[in-house]
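A.B. asks: I'd like to ask you about the structure that follows.
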Amino acid sequence: MEMKKKAEKMTQQTLLGFIKKSEKKKETNSLDFPYTPSKSSDLSSSTENCQDISFELETELLNLGETSFNGIFTPITLNIDKSKREESGEKENSSSFHVSPSFNRSRKKLNYKEDSEDEDDIGYISVKRKKSKVIHHSDDEFEMTVSENENGKNDESDSCSTVSSNQEENHLNTRKPRKLTNKDKKRNIEGKSIEMGKNMVVEDRYLSIDSPDKKLPFTSLFNTQKKSSEISNHDNEENYKFLLPEYRRDADGNSPSSPNYDERTLYIPPSTYKSFKPFEKQYWDIKSKFMDTLVFFQKGKFYELYQIDADIGHQLFNLKMTDRVGTMRMVGVPEANYEYWASKFIAKGFKIARVDQLESALGKEMRDKISKVKDEKVVRRELVHVLTSGTLVNEGIIASDMSTYCMAIKEEYEINSSVISYGICFVDAAAGNFKITYFKDDLSRTKLYTLITQIKPKELILEKANVTPKTIKLLKNSGINETIWNFIKPGIEFWDEHTTESQFLMNNYFKDNDFNNWPPALKKARNYPIAMSSVGGLVWYLKTLKMDKSLCSLGNFEWYDLIQKTSSLILDGQTLKNLEIFSNSHNGGLDGTLIKLLNRCTTPFGKRLFRLWLCHPLRSVNEINERLDVVELLSDLSIRKFIIDSFKTLPDLERMISRIHAKHCKSKDFIRVLEGFNTIYEILDYLSKNLKQDNGLLWKIINDIPNLVDVLNDWQKMFDWKKCKDEDILIPNPGTEKDFDNSQNKIKAIEDELYQMERDYRKQLKSPQITFRDIGKEIYQIEIPKSIEVPSSWVKLSSTKSVNRYWSPELKVKVRQLQEAREAHKTVIKNVQDSFFSKFDENYFQWLKVVKSIAYLDCLTSLSISSMEFAEPSCRPQIIDSEYSILEFDELRHPCIIPSVSSSFIPNNIKLGGSKDDPTIALLTGPNMAGKSTLLRQTCIAVILAQLGCWVPARRAVLTPMDSIRSRLGANDNIFGSQSTFMVELSETKRIIEESTSKSLVILDELGRGTSTYDGLAIAYSTLHKLSTYVGCLGFFSTHYHSLVKDFENHPKIAACYMAAHVDEDERKITFLYELRPGVSSKSYGMNVAAMAGIPEEIIKNAEIAAKKFEISSQSTQSNKTNYKSCISLASQSDFSWLMKLSISKDPIPSTPDLKRQLYVIANTF
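Taking this note's numbering as reference, the numbering of the sequence shown is continuous, increasing by one, and the terminal residue is 1168.
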């Protein structure tokens, strides 16, 4: 117990920043951060030198009991620190994130300059030196300059002018590791850290590499501070007081307690803003508008996070913390690893803003020369884009080939109305594809639920206070738990239809700025105001992410029909869920789902199209048979193998041509696109030569693909593809781009002059050993043997044991000219690249049509692969067009079973419909666990397979296309919708009755189980009567109400069948045979199943006694009710009453096929 108390006390002390003396000895380096010793440094001999310093620091740490920590609370950081605060026992009013104070006494701070070129090679070196000391090393041809910090201070200003020279940092980053002198070691112990060699891991400056045997300290958000630095920490509090909860306001001045508070923005007092350094102003100008977003701010070759963002990075991923810019805390990651770290933060649910540095220090100097306006001493930076989990576009961040959608929903609802209208727009940002839809829905939001199930948006845009609670509850209960919710202000942010139209015109998203030239889907949306408003809400949001121009200007808008009532098999959201089409019922994953079984597409864009196919299987007999013809043709292994092998080499062309349009594509990726299209035309050429021209759909696909071979040939003439792929830079062939040629010629002329100067120096100093040497950024240094004297005007830059290196005055001028020419050439190269991308984008819709055609072919190939891999027997379904619906399968199996189990799976024969006299509904009985639900599901999935154009796992399959599949399975309540199990059951049954037709397939599993026996039996009775007599659909109706079977035993459209089982009554054992047989199961064998479940024997025996009493009592009650026993069922009596009403009706009786069928059924019932 005593040890436990000590541990708890130590934990609390650790959380508050106290570190015991015995622990501190192991963590001396962390106090003097940043300290990154060279790999070759040997500090073992310096232990004695640092003991006094360590002891002094430890002593001061132990006296920090009175130190107070001022925290910073923000919405973005609340959840991260909540668990930590709970565990540490902090009070509710304690701060979530604390200022990270520093030790100013012995720390040597970073020379981390604004100059991007200096930042490219950051080293931990001291600044404010009075003198640079040159140290020679006999084993190294280069020299190294170690700057000495006399006063322990650093220059924290962020400007282009720097204290240390470029030469100094270049040597620090290029020289080989060397042994340190005793003096050097002592300096390192006092807090200096020199990074030596590019072979050092760059990321080590910022990151603490996680490893299994390295435990992260629990004090990740807390640092200790010294009493001597209380004044500076007080200044820090004053500078950032506006971040504290009691002082924080949004851009409109609202406090966090206000209902109008906008957590996305921040108000910075003018007096505070005025005190900021130029870089801080640049940062807070952006960050104050994105307080709910992590801002990755580029400095040189690093992206940095500051203040509360730094706290989050430090807390979540143990990124190293330092206070580098003024009083701002900072963590950082290398530019090369930006996508890796951005994806990790996005996976945690954060938004990521990327701010890029648009120029180097040299570029700024060149700009300042020609600029008449005096600019701040800070290079230009700009917000490039904001990434969220619903708007990912970067190839290195997107984790899935499937579409990621951001969806805006506009709801219109009138009180006391039974109809709700929705306008919805959603975008796949990576592919640049918008979809718009409008529909009227019932009070259960059936269509909205279907759309959400089909699309699974990653991000939602909703109007603040303008969405009904029932809609919110439905969205929360739709299986989109990881979705980001954005509630934006009506009108101002979620634009109405008029504002949306004017914004499209004002922003010039399309070349021809006229309504008549808008994409057809966008013009259609103008007829539905709330649909147009949903477009506005989404576009406003994309505008805040800096993505609206690149996405909208593509013009890739489509109208989305979520039902496609006239052309496809309707699968509503409940059916997609019940049949486990996209997610299983076990854990919401893909295992056991139909999409995992069938989606064998090779290309990413093929996989995305196949999901849409699965949402909308075909209904037309001709279209289904055309697909089946192609699937059968592709069963030829040689053709299929060629297509698959060729498709494997294709990149994600759909997404990449979208990035080319946005000019966010790498040069080497542009080559991949061009090579990908070349591969496509090679595939088409092969298929044209090896297929007959009467191959229907496949030949039509090939002929409809635009011929862009000549365009690709022209691209091969414009630049060197191989060089572009190897060097990731677009170099146009001579004569292609005039500006590029002129810039390159200018550079070459300067370089020729430099080499002429080299020859002149050799003659002047009479030494053939004189040559130019590039050392880091100080290029073209004259390397001269030490024995040769040089003019006094020459500036010495570096040296080795045998040579010195100089710049002469005229050489320095010429080098500067070369550097400026090369800097200008970078802009020319960027302009050339943009020009090439714009030229390629002129044929965007033709390229897109090629991609869609290949995606279609890929989906057909996927169906062929799945069809051929079904275990035997499997067959091509016979799709027929008949007046009477038919569903007939011989030896049907569930396709999603594990292949190893398929041999032991019991197949079943199914026969429903076919003529006016054949039963259309199977009334299914049998014990629990006998396979009733599996039979229902496998029948529905077999229909989906057939209407997709896939083979079916059966020996024989004959069917007419169904117009919809309606299902009611399982017993689930809806907590979010405040609905009981029985209410959910009845709501789904209501929709089935209203929306089913004689061409529908309906499955109802144990309807009426959620209420009392008699009420449940009555509802099941009425529903079965309605579906069999008046709707005329095909389907299964499983039940445990055996009296229901007896009442409908003479109904011409109902066939009784059961799942067989072998029962041993003596031992109370039951063996399930999983066979579908005609007739009725004698019992439900509930007691046997109870015994299998392990219910105690005593309880089962008592239950059997009670069951017999209930049975006797029920029979007695029925016999004593009346002596009259009607020989006509209640259903027949109901039918007779309906006929009487029909006969006395004054309205004319329509002669419809449905009425004729109903009258025929009723006539055969009596």
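Where is the CB? At the ideal position from N, CA and C, for every residue including glycine.
With a 10 Å radius around its C-beta and 16 neighbouring C-beta atoms as the bar for buried, classify Ser-166 as buried or exposed.
C.D. replies: Since pLDDT at Ser-166 reaches only 35, below the 50 mark, its modelled position is unreliable, and the value read off the structure follows with that caveat. Buried, because 16 or more other Cβ atoms sit within 10 Å of the Cβ of Ser-166.
A.B. asks: Give the C-beta separation of Ser-1030 and Tyr-1060 to the nearest angstrom, bearing in mind that I take them to be a contact with Cβ-Cβ under 8 Å.
C.D. replies: Incorrect: roughly 18 Å between the Cβ atoms, too far for contact.
A.B. asks: By DSSP's criteria, Phe-436 is part of a beta bridge. Which residues make up the other side?
C.D. replies: Looking at the DSSP assignment, Phe-436 forms a beta bridge with Val-429, Phe-559.
A.B. asks: Are at least three pairs of beta-carbons, each pair with one atom in the region 1032-1039 and one in the region 924-938, less than 8 Å apart?
C.D. replies: Cβ pair count under 8 Å is three or more, so yes.
A.B. asks: In the DSSP assignment, find the unbroken alpha helix (DSSP H) run with Gln-835 in it and report its ends.
C.D. replies: That run of the alpha helix (DSSP H) goes 811-843.
A.B. asks: What residue range does the beta strand (DSSP E) around Val-1065 cover?
C.D. replies: 1056-1066 is the extent of the beta strand (DSSP E) around Val-1065.
A.B. asks: Would you kindly work out how many angstroms separate the C-alpha atoms of Pro-471 and Leu-914, rounded to a whole number?
C.D. replies: When rounded, the distance between both Cα atoms is 43 Å.
A.B. asks: Return the chain-ordered list of same chain residues with a C-beta closer than 6 Å to the C-beta of Leu-453, the five sequence neighbours on each side being excluded.
C.D. replies: Here the set comprises Leu-564.
A.B. asks: May I ask you to report which of helix, strand or coil DSSP gives Asn-627?
C.D. replies: Helix.
A.B. asks: What does the alpha-carbon distance come out to for the pair Leu-360 and Val-381?
C.D. replies: Looking at the two C-alpha atoms, the distance is approximately 8 Å.
A.B. asks: Drop a sphere of 10 angstroms on the beta-carbon of Gly-434, count the other beta-carbons inside from all chains shown, and report buried for 16 or more, exposed for fewer.
C.D. replies: Counting Cβ neighbours within 10 Å, Gly-434 comes out buried, since at least 16 surround it.
A.B. asks: Taking the alpha carbon of Ser-690 as the point to measure from, which residue in Arg-674, Pro-247, Ile-707 has its own alpha carbon closest?
C.D. replies: That would be Ile-707, whose Cα lies nearest to the Cα of Ser-690.
A.B. asks: How long is the line joining the alpha carbons of Lys-663 and Pro-875, rounded to whole angstroms?
C.D. replies: Going by the sequence as given, residue 663 is His instead of Lys. So the two alpha carbons sit approximately 49 Å from each other.
A.B. asks: Could you check the C-alpha separation between Ser-840 and Arg-657 for me, to the nearest Å?
C.D. replies: The alpha-carbon atoms of Ser-840 and Arg-657 are separated by roughly 16 Å.
A.B. asks: For the beta strand (DSSP E) that contains Asp-716, what are its first and last residues?
C.D. replies: Premise fails: Asp-716 lies in the alpha helix (DSSP H), 711-720, not in any beta strand (DSSP E).
A.B. asks: What residue does the beta strand (DSSP E) around Gly-2 start on, and which one ends it?
C.D. replies: It is not possible to answer for residue 2, since the shown part of the chain is limited to 3 through 1168.
A.B. asks: Taking the C-alpha atoms as reference points, what is the distance between Ala-1058 and Ala-1109?
C.D. replies: Straight-line Cα distance between these residues: approximately 25 Å.
A.B. asks: Give me, in chain order, the residues of the same chain whose beta-carbon lies closer than 8 Å to that of Asn-911; leave out the 5 immediate sequence neighbours on both sides.
C.D. replies: Phe-891, Asp-892, Glu-893, Leu-894, Leu-1078, listed in sequence order.
A.B. asks: Taking just the CA atoms, how far does Lys-449 sit from Phe-35?
C.D. replies: Bear in mind that the predicted position of Phe-35 carries a pLDDT of just 31, short of 50, making it too unreliable to give a figure here.
A.B. asks: If you follow the beta strand (DSSP E) that Tyr-308 is part of, which residue opens it and which one closes it?
C.D. replies: Taken as a continuous stretch (DSSP letters only), the beta strand (DSSP E) holding Tyr-308 covers 304-308.
A.B. asks: Give the single residue among Val-1004, Thr-1013, Thr-999, Lys-765 whose Cα lies nearest to the Cα of Tyr-1032.
C.D. replies: With distances taken between Cα atoms, Tyr-1032 lies closest to Thr-999.
A.B. asks: Who are the Cβ neighbours of Asn-201 in its own chain at under 6 Å, not counting the five residues just before and after it?
C.D. replies: Because Asn-201 sits at a pLDDT of 37, beneath the cut-off of 50, its placement in the model cannot be relied upon, and the following sentence gives the value as read from the coordinates. No residues qualify anywhere along the chain.
A.B. asks: Quick one, are the C-beta atoms of Asp-430 and Pro-606 less than 8 Å apart?
C.D. replies: No, Cβ-Cβ distance for Asp-430 and Pro-606 is not below 8 Å.
A.B. asks: Of the residues Lys-816, Val-386, Leu-268, which one's Cα is nearest the Cα of Asn-758?
C.D. replies: It should be pointed out that residue 758 corresponds to Gln in this sequence rather than to Asn. Answer by Cα proximity: Lys-816.
A.B. asks: Grab me the residues of Asp-122's own chain with a C-beta within less than 6 Å of its C-beta, minus the 5 sequence neighbours each way, in chain order.
C.D. replies: Note that Asp-122 scores a pLDDT of 36, beneath 50, so its modelled location is shaky and nothing firm can be said.
A.B. asks: Residues in the same chain with beta-carbon distance under 6 Å from Glu-465, minus the five sequence neighbours each way, listed in chain order, please.
C.D. replies: Answer for Glu-465: Pro-492, Phe-496, listed in chain order.
A.B. asks: For Cys-898 and Ala-873, I'd like the C-alpha separation in whole angstroms.
C.D. replies: Looking at the two C-alpha atoms, the distance is approximately 11 Å.
A.B. asks: Among Ile-923, Ile-1005, Lys-1071, whose alpha-carbon lies nearest the alpha-carbon of Phe-1050?
C.D. replies: For the residues Ile-923, Ile-1005, Lys-1071, the minimum Cα distance to Phe-1050 belongs to Ile-923.
A.B. asks: Report the residue ranges of all beta strand (DSSP E) runs contained in full by the region 350-391; include only those spanning at least 3 residues, in chain order.
C.D. replies: List check, beta strand (DSSP E) in window: 353-359, 383-389.
A.B. asks: Find the nearest neighbour of Glu-413 within the set Leu-445, Tyr-305, Val-395, Val-388, judged by alpha-carbon distance.
C.D. replies: Comparing Cα positions, the closest option is Leu-445.
A.B. asks: Do Leu-581 and Cys-861 have their CB atoms nearer than 8 Å?
C.D. replies: For Leu-581 and Cys-861, no; Cβs fall outside 8 Å.
A.B. asks: Within 8 Å, do at least three Cβ pairs link the region 636-650 to the region 816-827?
C.D. replies: No, they do not touch.
A.B. asks: Strictly under 8 Å for the Cβ-Cβ distance: is Ser-1083 near chain B by that measure?
C.D. replies: Absent from the structure is chain B; it holds one protein chain and no more.
A.B. asks: Tell me which residue opens and which closes the beta strand (DSSP E) that Lys-913 is part of.
C.D. replies: Looking at the DSSP string, the run of the beta strand (DSSP E) that includes Lys-913 is 910-915.
A.B. asks: Rounded to whole angstroms, how far is the Cβ of Glu-634 from the Cβ of Arg-878, which I believe are closer than 8 Å?
C.D. replies: With a Cβ gap of about 6 Å, Glu-634 and Arg-878 count as contacting.
A.B. asks: Report all residues from its chain with a CB closer than 6 Å to the CB of Glu-560; omit the five preceding and five following residues, and keep chain order.
C.D. replies: Closer than 6 Å at the Cβ level, and outside the excluded window around Glu-560, lie Lys-437, Ala-523.
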